[in-house]
Amino acid sequence: MTNEPRTTKNARREAAREAARVAREQQKRRETRTKILVRGGVTLAIVLVAALIGISIWGATRGGEAATTAGPANMISEGIVLTGSNGEITAVSTPALQPGEDPVPTDDATLDAPLHIVTYVDYFCPVCNAFEQTNGHAIEALVSAGQASLEVHPVAILNRNSQGTNYSTRSGNAMACVAQYAPDKFLDAQGVLFANQPAEGTSGLTDGQLVDLVQGAVGDNPNIATCIRGNTFGGFIDAATQRAVNDPALVNPSSGGFGTPTVLVNGDRYNGAVNDPAAFSTFLQEHMPAN
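Each residue of the sequence shown is one higher than the one before, starting from 0 at the first, in numbering that gives the first Met the number 0.
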């Protein structure tokens, strides 16, 4: 027994009400804190997502980023330059583009040919193939006769269409390997890749098939085989592609963006049909200096 007075029923009821009121207020405070935290978390998430999107857009739209690995020899402009005379075609020798370096534009005034033809091609691009099949032999004849120089830039804009195998990059890498180890045979290898072009939407050729095709065109070369299988210049091709895509001078006015093939003659874009040899021949004649 204690000497403390017993509480009345009314007092106990009031105490219970007060306890319930305090509990409700505490719950409200907890709910308010939770809402603030949730709002803050959502806001932070939105900010983070916006930042990531901004970084992605910046990465996609800024000027072409330099490759983090060295490029192949003979492609310091990110393209290989071919000249000729007396029926022979040879590549212009240049050092390799080093990591962090900007490509060196070709000075066509030093090439001793009235026409300088520049092409940007994706070896997975059927329109590029149509241009090659229609005009490739004529261009090669002009180069071998010393009437034109040819600068070929392999790019990779159709990786998304090769079921995750990045065939555009891998085939571009194969051609960069040729530029490094068998530059004078570049057009032979290019012709073989276009002649055996896989259909868009497929996984493309395997690295082993690329090795077989390229070496069938240029001769057995263990360095080329290792280069193709190791995707040695894949990063170089991707960096060159980004630079081309973001170069305002290469924008097609009709589409508002970069596409392949992009063909320039003495700096002017060819906008005619890729499968019309007469139209392209006329375009070349228009750019041939008067005697």
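Heads up, the beta-carbon is just placed ideally off N, CA and C, and yes, glycines get one too.
Strand pairing of residue i, partner residues [DSSP]
{"i": "S84", "result": "E87"}
{"i": "E100", "result": "None, per the DSSP bridge assignment."}
{"i": "A147", "result": "L114"}
{"i": "R268", "result": "L263"}
{"i": "G256", "result": "N251"}
{"i": "N79", "result": "In the sequence on display, residue 79 carries Ile and not Asn. Partner(s): V151."}
Three-state class that DSSP yields for residue i in the structure shown
{"i": "L263", "result": "strand"}
{"i": "S202", "result": "coil"}
{"i": "P125", "result": "helix"}
{"i": "V21", "result": "Low confidence applies here, because V21 scores a pLDDT of 48, under 50, leaving its location unreliable and the question unanswered by this model."}
{"i": "T168", "result": "helix"}
{"i": "P288", "result": "coil"}
{"i": "P153", "result": "strand"}
{"i": "I227", "result": "helix"}
{"i": "V120", "result": "strand"}
{"i": "V273", "result": "coil"}
{"i": "S92", "result": "coil"}
{"i": "F232", "result": "coil"}
{"i": "R196", "result": "The identity of residue 196 in the sequence shown is Gln, whereas the question assumes Arg. In the structure shown, Q196 sits in coil (DSSP, three-state: anything other than H, G, I, E or B)."}
{"i": "S280", "result": "helix"}
{"i": "P221", "result": "helix"}
{"i": "T133", "result": "helix"}
{"i": "N73", "result": "coil"}
{"i": "N308", "result": "Coverage of the chain is limited to positions 0 through 290, which leaves residue 308 absent and any answer about it impossible."}
{"i": "A108", "result": "helix"}
{"i": "D246", "result": "coil"}
{"i": "T240", "result": "helix"}
{"i": "A173", "result": "helix"}
{"i": "A181", "result": "coil"}
Of the listed residues the options, nearest to residue i (C-alpha basis)
{"i": "D211", "options": "S202, L192 and G200", "result": "L192"}
{"i": "T259", "options": "N265, V273, G266 and D267", "result": "V273"}
{"i": "S253", "options": "N270, Q146 and G215", "result": "N270"}
{"i": "I156", "options": "S143, D183, C127 and K184", "result": "C127"}
{"i": "I75", "options": "H152, C226 and T225", "result": "H152"}
{"i": "T82", "options": "V250, E139 and A129", "result": "E139"}
{"i": "E131", "options": "V103, T281, Q284 and P276", "result": "P276"}
{"i": "Q214", "options": "L186, F235 and G234", "result": "L186"}
{"i": "T205", "options": "G234, D183, F232 and A173", "result": "A173"}
{"i": "A216", "options": "Y166, Q189 and V80", "result": "Q189"}
{"i": "H115", "options": "G266, G234 and N230", "result": "G266"}
{"i": "F232", "options": "S143, N85, Q97 and G135", "result": "Q97"}
{"i": "N230", "options": "D101, P125, V80 and T168", "result": "T168"}
{"i": "V264", "options": "G255, T281 and G256", "result": "T281"}
{"i": "E100", "options": "V262, A278, F235 and G255", "result": "F235"}
{"i": "K184", "options": "H286, E285, I88 and E77", "result": "I88"}
{"i": "V103", "options": "N85, D111 and G78", "result": "G78"}
{"i": "I227", "options": "S170, R268 and A108", "result": "S170"}
{"i": "N85", "options": "A289, S143 and P125", "result": "S143"}
{"i": "L141", "options": "L283, A289 and P288", "result": "L283"}
heavy atom of the ligand SAM below 7 Å from residue i C-beta
{"i": "E199", "result": "Here there are no bound small molecules, and the ligand SAM is not part of this structure."}
Three-pair Cβ contact test at 8 Å for the segment 235-243 versus the segment 66-83: yes
Stretch pair the segment 110-120 + the segment 177-186: three plus CB contacts closer than 8 Å: The segment 110-120 is not in contact with the segment 177-186.
Given 8 Å, three or more beta-carbon pairs between the segment 214-234 and the segment 140-149: no
Stretch pair the segment 82-98 + the segment 243-251: three plus CB contacts closer than 8 Å: Counting Cβ pairs under 8 Å, fewer than three are found: no touch.
The segment 157-175 contacting the segment 195-208, beta-carbon criterion three pairs below 8 Å: yes
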